[in-house]
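Numbering (the numbering used here), first residue to last: -3 to 603.
Think of the CB as a built atom: it goes at the ideal place given N, C-alpha and C, for glycine as much as any other residue.
One structure below.
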Amino acid sequence: MTHAQVVALRDAGQLRVDCHYVISDWVQGTTLTGPNLVELHATSPSVLSMEAKVFTPYDNEAWEGLYDIDRGTVGQLVELRDNLNNVVRDTTGTSAIVGTFPWGTALWSENYLDSVTLTAPATGRAFQRNTVKDSTLDMTGWASGSWTQSDVRASTVTTGATFTMTNSEAQSSTITGEATGSISLTLGTKVLNSSVLQDSGSLKQWSISSSELRTVVLRGQGGTVARSALIISSRLRGRGVGDSITFLGETSLNLTSADLSFNNTWTVDGAAGSSVNIRECTCDQVGITRAAAAGRLDVTNGQYSSTFIDMQGSGALIVQACRGNGGVLRTGAGSSGQLNVNTSSIEGGTVEVLGVRSLSLNSGTYVGASATVTESGTTATAVAAIGDRVDQSRIEAGAVVQFATTTGTGTNQVTRSVVRGSSLVSPAGRLRIEGLTDGAWVDACRVYGGTVTITDAGTSLSGPSAFHDNQVDAGATLTYTGGDSTARQIRNNHVAGLSTLTLTSLTGSAGGGLGDVFAMSVRGQSTLTVTGARVPGQPIRDCTVEQGSTLNIPASGCTQRCRVAGGATLNAGAFVHFDSEMSLAATKTLTAANVNRLANKAYDDMI
C-alpha cells in the first residue's frame, strides 16, 4: 500500500487491529532512497503505532524503527536501529540524520550529525570528516576507534576503551572517558571551550600530542589505580575562572615541550610513588599544585612567568635549567621533601620552603630582579640532616636569600657563589643565614656591594661553621655572627672597596682552634670588626690592613704577625700584640692604661 492509502484508511476509521500495514513508497534522505518498506500495526481503527519494522536494501532482515506517518509527504523515520547495532535518532524532528547516516558500511565518513543521539556499535570504526553538532554520542561499545578530521560542537561524547582523536576539533563539548584503555588527542587536534574528563576509578592512559586546548577543563582521576598521562608538543590556553587541568591518581605524568597559559590552577596528585615530570615547557600564569601524595616533581628546561608551583607532597621538588620570572616556587608546611634549584634563573617572584626541609641553590643558579628566596621551617620536631645550600650561584641586586630553619642537624653551606649589590637597587642583593641549630659554612664566595648576614651564635646554632677563602668588595656589607661551640674558623678572606666585614661572638674561650681569625686582607678603606671577649691564645693573626682601612679588635683581644700600613687604623683596647708591623702613617689606638707600653719592649712588640 502507498502512504496515501494507509493514511486514508486511518482517517476513515477503517483500520483493523489484527492487521499489519506495509507502506511501499517511503523514502528518506540520501541513504534510504529505496526500495524501502515500512511495516506498521494498528492499535485501534483510527490509530497506528509508531513502532515499525523497516526493510532496506542494506540487509535481508527488518530493522527496528520509529515512524511518524504524518511527517512529510510519505512519513518520516525519527529513529532507526540497524543490524550492526547503530542507533540514529532525530530528537528535534528537523534533523536529516536518519536519512544521511552511512547505513550498511563500517566506515563513518563525511556525515553531518545535528541534534542526534547516536550509540556506536561494538566494533570500532574509522570516524572521518564528520561534523557532530548539538548531539550525544555514546561510543562506550567501541573496543577501539578513531576520529580523524572531524568537528564536534556543543555535544557530549562518551568514549570506549581506546579512543584517538586526530586532526579534529571539539568546541563547547564534553568528552568523557570510562573503563580501561587509552585516550589520545594528537596531530593538530583542537579542543576549545570544552571538557575532557576521566571519572573516578578510570584506568585510562592519557596522551595529548601536537594539539591545542583552549579554555578547557582537563581532568583525570584514577584514584589509586595504575595509570599515566603524557602531554607533549601541545599548547594549552585558558582565561576563564573554571579553566583547569587536574590529574588525580596518575602514577606518572610527563609534560614535555608544551606551552601553557591558564590563569588558573593545575592540580597534580596521585598514589604513593607517583612522579611528575615537566620538561621544556613554557608556562604563563599557571598554578601547578602537587598535592599531599608521595612522589617527586621535576621541572626541567622551561620558562615560567607568573607561575605558582606548589609542592605539598612528601617527594622532592627539583628545578633544573629553568628560567622563572615572577610567580612562586614553594614547598608547603606539610611537605617533607627538599627543594633543589639547579642551573636556573629566578627573576622576581618568590622561592620558599615552609616546612623543615633543605633548600638548595646549585650549579649556576641566578637570583635577581627583586626575587625572594626563603627557608623558614618552624616545626618543633628535630629533623636530621636538614641543611640549606647555595653553591656556584649568583644573588644579584634586589634579590634576597634567607635561610632560617629552627630545627635540623645539617649544615648551611654557601660555596663558590656571588652576591652582588647596587647603590641604585634596593635591597642591594642579600644573603642571610640564621636559625637555631644548623651550622654555616661560607667558602670561596664573592660579595660585591651586596649584604650577607650569617647568624651562627654559639647559644643557638650548634653545627660546625667556617668563613674562609671569600672576597668582600665594592661596598659590600657582610656580618658573621659565630660562636665557639665547634671549630669556628675565619680565614683566607679578602675585604676591599669600602666594604664592611663584621665578625661577632668570636670569643675563642672554648680552646685552641675555636673562633679563630687569621690570614685576612683588609684594603681600600674597608672595615674589619671582630667582637667578643677574646682571650690570650686566640689572636687575630697573619692579617694585612692597608689603604686607609680599619681593623677593630675587642678589648682583651690580640694581634699576631699582622701588618697595618698605608693610613690604616688598628683600634683596640687593652690588648696583647706581638710580631706585628705598623708603617706609612698607620694609626693604632689604645686605652690610657696602655699608652706607656708603646716604647717598652716588655709590653710592646709593635714595630
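- prompt: Beta carbon of Arg231, beta carbon of Thr211: below 8 Å?
  reply: Along the sequence shown, read from residue 1 onward, the residue named residue 231 stands at position 235. Along the sequence shown, read from residue 1 onward, the residue named residue 211 stands at position 215. At least 8 Å separates the beta-carbon of Arg231 from that of Thr211.
field: Option in Ser169, Leu214, Ser142 with minimal Cα separation from Thr182
entry: Taking the sequence shown and counting its residues from 1, the one referred to as residue 182 is at position 186. The shortest Cα separation from Thr182 among Ser169, Leu214, Ser142 belongs to Ser142.
Gly328 - DSSP class collapsed to helix/strand/coil: Numbered from 1 along the sequence shown, position 332 holds the residue referred to as residue 328. Coil at Gly328, not helix or strand.
field: Cβ pair Lys49, Ala38 closer than 8 Å
entry: As a first step, residue 49 is located in the sequence shown; it is residue number 53 there, counting from the start. As a first step, residue 38 is located in the sequence shown; it is residue number 42 there, counting from the start. Not a contact, by the Cβ cut-off of 8 Å.
query: In angstroms, rounded to a whole number, what distance separates the CA positions of Ser151 and Met161?
result: Taking the sequence shown and counting its residues from 1, one reaches residue 151 at position 155. Taking the sequence shown and counting its residues from 1, one reaches residue 161 at position 165. Taking the straight line joining both Cα atoms gives about 15 Å.
message: Does the region 29 to 47 come into contact with the region 10 to 21, if we say contact requires no fewer than three beta-carbon pairs (one atom in each stretch) closer than 8 Å?
response: With a cut-off of 8 Å, the region 10 to 21 and the region 29 to 47 count as touching, because enough Cβ pairs lie within range.
task: Pull up the distance between the alpha-carbon of Gly68 and that of Thr87, whole angstroms please.
output: Residue 68 sits at position 72 when you count from the first residue of the sequence shown. Residue 87 sits at position 91 when you count from the first residue of the sequence shown. For Gly68 and Thr87, the distance between alpha carbons rounds to 16 Å.
field: Contact between the region 385 to 402 and the region 350 to 367 (3+ Cβ pairs under 8 Å)
entry: Yes, since at least three Cβ pairs between the region 385 to 402 and the region 350 to 367 fall closer than 8 Å, the two stretches touch.
message: Would Arg326 and Glu348 qualify as a contact pair, given that the criterion is a beta-carbon distance under 8 Å?
response: Within the sequence shown, numbered from 1, the residue matching residue 326 stands at position 330. Within the sequence shown, numbered from 1, the residue matching residue 348 stands at position 352. Judged by their CB atoms, Arg326 and Glu348 are nearer to each other than the 8 Å cut-off.
query: Taking Cβ positions, are Ser190 and Ala166 nearer each other than 8 Å?
result: Numbered from 1 along the sequence shown, position 194 holds the residue referred to as residue 190. Numbered from 1 along the sequence shown, position 170 holds the residue referred to as residue 166. Yes, these two residues count as a Cβ contact at 8 Å.
Candidates Val148, Asp280, Ala393: closest to Tyr108 by CA position: Position 112 of the sequence shown, counted from the start, is the residue given in the question as residue 108. Out of Val148, Asp280, Ala393, Val148 has the C-alpha closest to the C-alpha of Tyr108.
task: Give the range of the beta strand (DSSP E) segment to which Thr132 is assigned.
output: Here residue 132 refers to the residue found at position 136 of the sequence shown. Membership of Thr132 in the beta strand (DSSP E) is indicated by the continuous run 132 to 134.
- prompt: The alpha helix (DSSP H) spanning Gly471 covers which residue range?
  reply: The sequence position of residue 471 within the sequence shown is 475, counting from 1. Counting along the chain, Gly471 falls outside any alpha helix (DSSP H), and DSSP gives it neither H nor E.
- request: Please determine, among Glu60, Asp55, Pro41, Asn488, the residue with the shortest C-alpha to C-alpha distance to Glu47.
  value: On the sequence shown, residue 47 is found 51 positions in, with the first residue counted as 1. Comparing Cα-Cα distances from Glu47 to each of Glu60, Asp55, Pro41, Asn488, the minimum goes to Glu60.
Alpha-carbon spacing of Val397 relative to Ala317, whole angstroms: Position 401 of the sequence shown, counted from the first residue, corresponds to residue 397. Position 321 of the sequence shown, counted from the first residue, corresponds to residue 317. Here the C-alpha atom of Val397 lies approximately 19 Å from the C-alpha atom of Ala317.
Anticipated Cβ contact below 8 Å, Asn273 with Leu251, distance rounded: As a first step, residue 273 is located in the sequence shown; it is residue number 277 there, counting from the start. As a first step, residue 251 is located in the sequence shown; it is residue number 255 there, counting from the start. About 7 Å separates the Cβ atoms of Asn273 and Leu251, confirming a contact at the 8 Å cut-off.
query: What do you reckon, are the CB atoms on Ala329 and Gly351 nearer than 8 Å?
result: What you label residue 329 is simply residue 333 of the sequence shown in a count that begins at 1. What you label residue 351 is simply residue 355 of the sequence shown in a count that begins at 1. Inclusion of Ala329 and Gly351 in the CB contact set at 8 Å is warranted, their separation being smaller than that value.
- prompt: Helix or strand or just coil, what does DSSP make of Ala4?
  reply: Position 8 of the sequence shown, counted from the start, is the residue given in the question as residue 4. Reduced to three states, the DSSP call for Ala4 is helix.
message: Any beta carbon from chain C within less than 8 Å of Thr96's own beta carbon?
response: Among the protein chains of the structure shown there is no chain C, as only one such chain exists.
message: Within a Cβ cutoff of 8 Å, which residues of the same chain sit near Ala595, ignoring the five residues on either side of it in sequence?
response: The residue you call residue 595 lines up with position 599 of the sequence shown. Its pLDDT being 47, under 50, Ala595 is placed unreliably in this model, and the value from its coordinates should be taken loosely. Nothing listed; no residue qualifies.
message: Using CA atoms only, rank isn't needed, just tell me which of Leu76, Val23, Ser168, Arg6 is closest to Leu44.
response: Residue numbering aside, residue 44 sits at position 48 when the sequence shown is read from its first letter. Just measuring C-alpha positions, the residue of Leu76, Val23, Ser168, Arg6 sitting nearest Leu44 is Arg6.
- prompt: Do Gly610 and Gly333 have their CB atoms nearer than 8 Å?
  reply: Nothing in the structure corresponds to residue 610, since the chain is present only between -3 and 603.
- prompt: Given that a residue counts as buried once 16 or more other Cβ atoms are within 10 Å of its Cβ, and exposed if not, what is Leu457?
  reply: Within the sequence shown, numbered from 1, the residue matching residue 457 stands at position 461. Because the pLDDT of Leu457 is 44, which lies under 50, any placement of that residue in the model is unreliable, and the question is left without a value.
task: Check the DSSP bridge columns for Gln543 and list the partner residues they point to.
output: Here residue 543 refers to the residue found at position 547 when the sequence shown is read from its first residue. Under DSSP, Gln543 shares a beta bridge with no residue.
Limits of the unbroken beta strand (DSSP E) element including Thr160: For the purposes of this step, residue 160 is taken as residue 164 along the sequence shown, with counting starting at 1. Where Thr160 is concerned, the enclosing beta strand (DSSP E) stretches over 158 to 162.
DSSP state of Ile19 mapped onto helix, strand, coil: What you label residue 19 is simply residue 23 of the sequence shown in a count that begins at 1. Ile19: strand per DSSP, three-state reduction.
field: Cβ neighbours of Thr185 in the same chain (closer than 6 Å, five flanking residues each side left out)
entry: Counted from its first residue, the sequence shown places residue 185 at position 189. Here Thr185 has Met161, Ser164, Ser207 as same chain residues with Cβ atoms under 6 Å from its own Cβ, once five neighbours each way along the sequence are excluded.
Pairwise C-alpha distance: Gly291 and Arg275: Within the sequence shown, numbered from 1, the residue matching residue 275 stands at position 279. Within the sequence shown, numbered from 1, the residue matching residue 291 stands at position 295. When rounded, the distance between both Cα atoms is 17 Å.
- prompt: Bridge partners of Asn321, per DSSP?
  reply: Numbered from its first residue, the sequence shown carries residue 321 at position 325. For Asn321, which the question treats as bridged, DSSP gives the partners Ser301, Glu343.
- request: Use the C-beta contact count for Pro(-3): other C-beta atoms within 10 angstroms, 16 or more gives buried, fewer gives exposed.
  value: As a working note, residue -3 is residue 1 in the sequence shown. Note on identity: in this sequence residue -3 is Met, with Pro being the wrong assignment. Exposed, by the Cβ-count rule.
message: I need the boundaries of the alpha helix (DSSP H) containing Ile93, first residue and last residue.
response: Within the sequence shown, the letter at position 97 stands for residue 93. Annotation: the continuous alpha helix (DSSP H) that includes Ile93 extends over 93 to 96.
- prompt: Exposed or buried, which one is Asp66 when buried takes at least 16 other CB atoms within 10 Å?
  reply: Position 70 of the sequence shown, counted from the start, is the residue given in the question as residue 66. Of the other Cβ atoms in all chains shown, fewer than 16 fall within 10 Å of the Cβ of Asp66; this residue is therefore exposed.
field: Rounded straight-line distance, which links the Cα of Cys277 to that of Ser131
entry: Position 135 of the sequence shown, counting from 1, holds the residue named residue 131. Position 281 of the sequence shown, counting from 1, holds the residue named residue 277. For Ser131 and Cys277, the distance between alpha carbons rounds to 36 Å.
- request: Give the DSSP bridge partners of Ile486, in chain order.
  value: Sequence index remark: in the sequence shown, residue 486 carries index 490 (1-based). Per the DSSP secondary-structure output, Ile486 pairs in a beta bridge with Phe463, Val513.
task: Have a look at Asp294, Gly323, Ser331, Phe304 and flag the residue whose alpha-carbon is nearest the alpha-carbon of Val337.
output: For the purposes of this step, residue 337 is identified with residue 341 of the sequence shown, where counting begins at 1. Nearest option by C-alpha distance: Asp294.
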